[in-house]
Structure formats: C-alpha cells, structure tokens
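Here the structure is laid out as structure tokens; the discussion comes afterwards.
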Amino acid sequence: MITTQSNIYFFNTLTRKKEVFKPLDEGKVKIYTCGPTVYDFAHIGNFRAFLFEDLLKRWLIQRGFKVTHVMNLTDIDDKTIKGSQTQKVPLRQFTEFYVKAFFEDIKALNIQPADVYPKATDHIPEMVALIKTLMAKGIAYKGEDGSIYFSVCKFPDYGKLAKIKVDELKAGARVSQDEYAKEEAQDFALWKAWTPEDGDVYWETELGKGRPGWHIECSAMSMKYLGETFDIHCGGVDNMFPHHENEIAQSEAATGKKFVNYWMHNEHLQVEGKKMSKRFGNFYTLRDLLAKGYDPIAIRYLLMSTHYRQQFNFTFEGLEAAKGAVDRLRNFVRRLHDTDGKESGGKVATFSAKAEVCFAGSMDDDLNIGIALASLFDFVREINNLLDANMVSKAEAAEVGGLMMRFDEVLGVVGKVEVEEALPTDIDALVQKRETARKAKNWKEADAIRAQLKGMGIVLEDTAQGVRWHKEKA
RNA sequence: GCUGGGGUGGCCGAACGGUUCAGGCGGUAGCCUGCAGAGCUGCUCUAUAUGGGUUCAACUCCCAUCCCCAGCUCCA
799 MITTQSNIYF FNTLTRKKEV FKPLDEGKVK IYTCGPTVYD FAHIGNFRAF
849 LFEDLLKRWL IQRGFKVTHV MNLTDIDDKT IKGSQTQKVP LRQFTEFYVK
899 AFFEDIKALN IQPADVYPKA TDHIPEMVAL IKTLMAKGIA YKGEDGSIYF
949 SVCKFPDYGK LAKIKVDELK AGARVSQDEY AKEEAQDFAL WKAWTPEDGD
999 VYWETELGKG RPGWHIECSA MSMKYLGETF DIHCGGVDNM FPHHENEIAQ
1049 SEAATGKKFV NYWMHNEHLQ VEGKKMSKRF GNFYTLRDLL AKGYDPIAIR
1099 YLLMSTHYRQ QFNFTFEGLE AAKGAVDRLR NFVRRLHDTD GKESGGKVAT
1149 FSAKAEVCFA GSMDDDLNIG IALASLFDFV REINNLLDAN MVSKAEAAEV
1199 GGLMMRFDEV LGVVGKVEVE EALPTDIDAL VQKRETARKA KNWKEADAIR
1249 AQLKGMGIVL EDTAQGVRWH KEKA
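Each residue of the first sequence is one higher than the one before, counting from 799 in our numbering.
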C-alpha cells in the first residue's frame, strides 16, 4: 500500500472541476462502470475505457480503499437481437459467445475483474420495478405504441451532467422524425413494446410484452448492487449524453436521492490521426492486434500511458515504443535479482522515497499517469546507475523490488518476476558447454550455442555475476 | 448550426506566466563487454498550429484565423 498525506483529486464531469475525493463510507469506494454490449469483439477504444477504469480502481486499492466494482454486460439491445437473428441462434447463446471473448480479452490485458458482472437479461424484474415506480410517480407514461417513456420535462435537473438544455435539444440536429408515439421528442424509452422485428426476444411483464430500453439497466443494476447513491460512475465520453444523463434522470426521479457523486469520463482514441472506423480501415479489436503478434501488455501500457481525459492517437509506432518501455522495466526488475553489491549508504532509500512520493502525488492528481511514469523511469535510471557502480546490496535490491511490485500493482505491466528456476537438463548442458567454450575463448562455438538457445526461446546474457538466462517474451 | 476538447522535438507525450520541456521510444557517438545483451553518459535543440495583443517575462492569459476530434437520443 502506498500512503500519502495528500488528498485524492478527481475531475468530476458533474462540476467540470477537479474535486477532493471523499467516499460515502470512509475507506470504501463503490464504482459502476459501463461495460460492453456483447454483440461483437470489443475494440481498442473500448479497452481504453476499461483500462482507465482498471487504473482508477487499482490506484484506489493501492491507496487502501476497499473497492466494490460493478460492470454491466449489455446483452439485450438492437444489435444483439439483430446479431442473434443473423446467426439464427438464441439471443443468450449469441451473447454468451461474446461475453466469453470479453473475459478472455480483459485477462490478456491484465485487467482486474469486477466484483459483479450483471447481465441486463438477468435483471428484468428489477427494471420493471423501477419503471413501475416512475409510472406511479407520474414521471413515466405509456405511449401510443405501448412503449413506456420517461417524461424529461418532469425532471427539472435533466441536462445537468451533459450541460444540455432541454429546449435546445428539440432543435438538435439528429432528433429522429418518427417518434410520434412520444409526447415530447426528447423523452426516452424505458420499456420498448414488442415489434415483429424483435422476433422471439421479449418478456411478458406487468408493463406488457416487450424489452427494456437501454438506459434502465444501468440504473436498476447499479442501484441493486451499490445502493441508491454510490461513489463513482465511469464510461466513455460518448456515454455522457444521453446514456448517463438518462440514468441520472431515471434514478434520481425514482429515489429522490443523488444517484452518483463522481462521474468520470474517458476521452476517445483515434487511430493514425483519424477517428477509428471500419470505413477508414483503421478499426482494430484486441484480437486483431494480438494476431499481428503484439504483446497485450504493451497494448495495455500504451492505452494507459496517456491521461484518460486526453484524446489519444493510437499508432503502431507508438505500440512499438510501448513495448520498449515495458521491456525496460522488466529488464530492470530482472537485473535487481542478480545484484549483490556494497551498501549504497542510504542512496537507495532516498531514491525510493522520492519515487514513491512523486508517483503517489501524481496519481492522486486525477490519475496523472504521465508524471507518475516519469518518476518511475527516473527511479529506474538512478538505481541502474548505482547498480553499474555495484552499490546496491542484496537487501536494498529486495527493497527496490518490493517498491517496483507496488508500482506494478497499479500499472500491471511488469508481471511476475522471473525467478531463475532450473533449466531442463538438456538446455542446461548446452549452457554449460558454452561456458566451457567461453573459458577456452572458443568464441565461435560459444556464439553458435547462444544462437541455438535463442532459437529455442532462451536468451543468454553474460553479466559480471556470471551467465544469466531468461525466456524470450512475445 | 450549437456546445466542448485539442494542435508541443524524428515519433509518443508531460508541464502551464519566470531555470536551455518531464519521461518513454527511435537515431547516433562513447563507456562497459571477446562479441552480443542489459546498463550508463553525451548528442539528436533557436519546440510549443498561424497572426496579433497583454506582460519586465507566454507554450502557459486575451483576440482572430486555420486544422483535428467529439457531443447534439441508444458508438468506449
């Protein structure tokens, strides 16, 4: 755990300001993050959001908070229905495939799982109950088409998150023309009456035959698992309006309480300077990149290393650079294990303390990852200097290793430190053979064996402490 | 159209009125090494889209212009 005296500051979309973070219950944080719609493989833009949320969560945990994290899985909407119909499989079977893929992807990216992954289709009763409450309060109404709508004009705070004025909305550029069933154009659906296009996807409920609207799931599920008021709600900027605005409206109109204290939104990414789009041919899923042979952890590092509120330009050049940065950290941690030098005379402790304070202070400042990483790399260079001078004792190296582990609990890019386990005997024999050749200054044979081992994925390094080896990482 | 966010070195990106812009990546020279790898050091520099303005001082504030991105009802 990293401790500092300072406060944590987060930029709250509600106020458009950095605010001191104060959870409802001291020492505990309840977070809800908008998860994937499981109709396709998630793309790197989705993962930027999930990685931002992962970083946020890891930092809160590192600062000693007990975090409860809920991420929804949207498994019922136009796209999932259409997908299941196209593939001629039941909705659940269709979405399960992509749920599974999603979990594989976040595992590859070393994203810590949420505590609960509620599916919309598992929470129809909760949604129905919430809608009934809104109807009882006269805030929701049934339209001519049998669908149930939220009456935006009954909720005076509408627009407070996105800073949108309701009357200006009517003049908006994309208000659809065929919404005759609603009383007002800006009203949105809580419950959608069944139509033939829905096929066999419907629920018979007190609200009639149909399916939930998109926004209601997040209100119903977040409140079920986190309470009527909770601490942090995250998502991409595109969700700010209408999705999150509508969530606030539904939830606060129903409970009369503040829904969420801190709203945090991540900016989008671009690819090669352009909006990511299938049309431009610059649309990538995680799987696309893995298929090209990229290290998922380098992808993690890249997507995480730019501040979350900053638009980020994804390039393959950047991905290569990220790989280099991750390697540098891994090499450093590996190097610590081989150290057995003199005591640094307190220098290691000084550098460590400085790095920790700077890292923590930066992260406390609305997750200022750029400065945090800079302080980390400064630290690596400082210790490397001492290592070069053989001025790091075993005990000090262990301390540095411990600090690196704490940093990595937040960053999640170094991973398990490779312990030099015993090599398979045949490989070990090769290493020994090379050592013999080296002692005899038979460089040709030594180099040949080194090349042979490299072909087997074993990288040899001759150090002052003798020959070292490690497995080659992707 | 309206509302926001941006434009910083070869690349990615911090900083934000006042030491020659943090850090990463790449290139290059040197040290170390039998060689390599890792590491260290130097260089890669009249940097802040453009034009004005405020100021003793601007990348940082103000005005204008250009360009990019996003939101304006279901895309993270």
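Beta carbons: idealized from backbone N, C-alpha and C, even for Gly.
Nothing here was measured: the structure is a model prediction, and the numbers come from that model.
- The distance from the Cβ of Asp1136 to that of Gln1263 is about 5 Å, consistent with a contact at the 8 Å cut-off.
- Between Val1058 and His1031, the C-beta spacing is below 7 Å.
- Across the structure, Arg1126 and Val1265 are spaced so that their CA atoms are roughly 20 Å apart.
- Fully enclosed alpha helix (DSSP H) runs of no fewer than 4 residues occupy 1084–1089, 1094–1102 of the segment 1056–1127, in order along the chain.
- A direct Cα-Cα distance of roughly 32 Å separates Gly1213 from Phe1028.
- Counting along the chain, Met1189 sits inside no beta strand (DSSP E), nor does DSSP assign it H or E at all.
- DSSP places Val897 in the helix class (H, G or I) of the three-state scheme.
- Among the bridge pairs identified by DSSP, Tyr807 is matched with Val818, Asp1163.
- Counting C-beta atoms within 10 angstroms of its own C-beta, Lys855 has 16 or more neighbours from the protein chains shown and is therefore classed as buried.
- Just so you know, the alpha carbons of Val1211 and Gly1139 end up roughly 27 Å apart.
- Bounds of the beta strand (DSSP E) holding Ala987 are 986–991.
- DSSP, read as helix, strand or coil, puts Tyr1023 in helix.
- Linking Tyr830 to Ser1173 through their CA atoms gives a straight-line distance of about 30 Å.
- Short of 6 Å from the beta carbon of Leu858, and not among the five residues preceding or following it, lie these beta carbons of its own chain, in chain order: Val827, Val865.
- Here Asp823 is exposed, its C-beta having fewer than 16 other C-beta atoms within 10 Å.
- The beta carbon of Ser1142 lies closer than 8 Å to those of Leu1184, Met1189, Val1190, Ser1191, Glu1194 in the same chain, with the five residues before and after it left out.
- In the DSSP annotation of this structure, the continuous segment of the alpha helix (DSSP H) that includes Lys930 starts and ends at 922–934.
- If you ignore the 5 residues before and after Gly1011, its C-beta comes within less than 7 Å of the C-beta of Phe986, Ala987, Leu988, Trp989, Lys990, all in its own chain and listed in chain order.
- Only buried fits Gln984, as 16 or more other CB atoms lie within 10 angstroms of its CB.
- In terms of Cβ geometry, Ser1150 and Leu1201 form a close pair [threshold 7 Å].
- Taking C-alpha positions only, Ala1153 is separated from Asp1224 by approximately 43 Å.
- Contact fails between the segment 931–949 and the segment 865–875, because fewer than three Cβ pairs, one in each stretch, are under 8 Å apart.
- In the DSSP assignment, Arg1009 falls within the unbroken beta strand (DSSP E) covering 1006–1010.
- With fewer than three CB-CB distances shorter than 8 Å, the segment 942–952 does not count as touching the segment 894–903.
- Membership of Thr878 in the alpha helix (DSSP H) is indicated by the continuous run 876–885.
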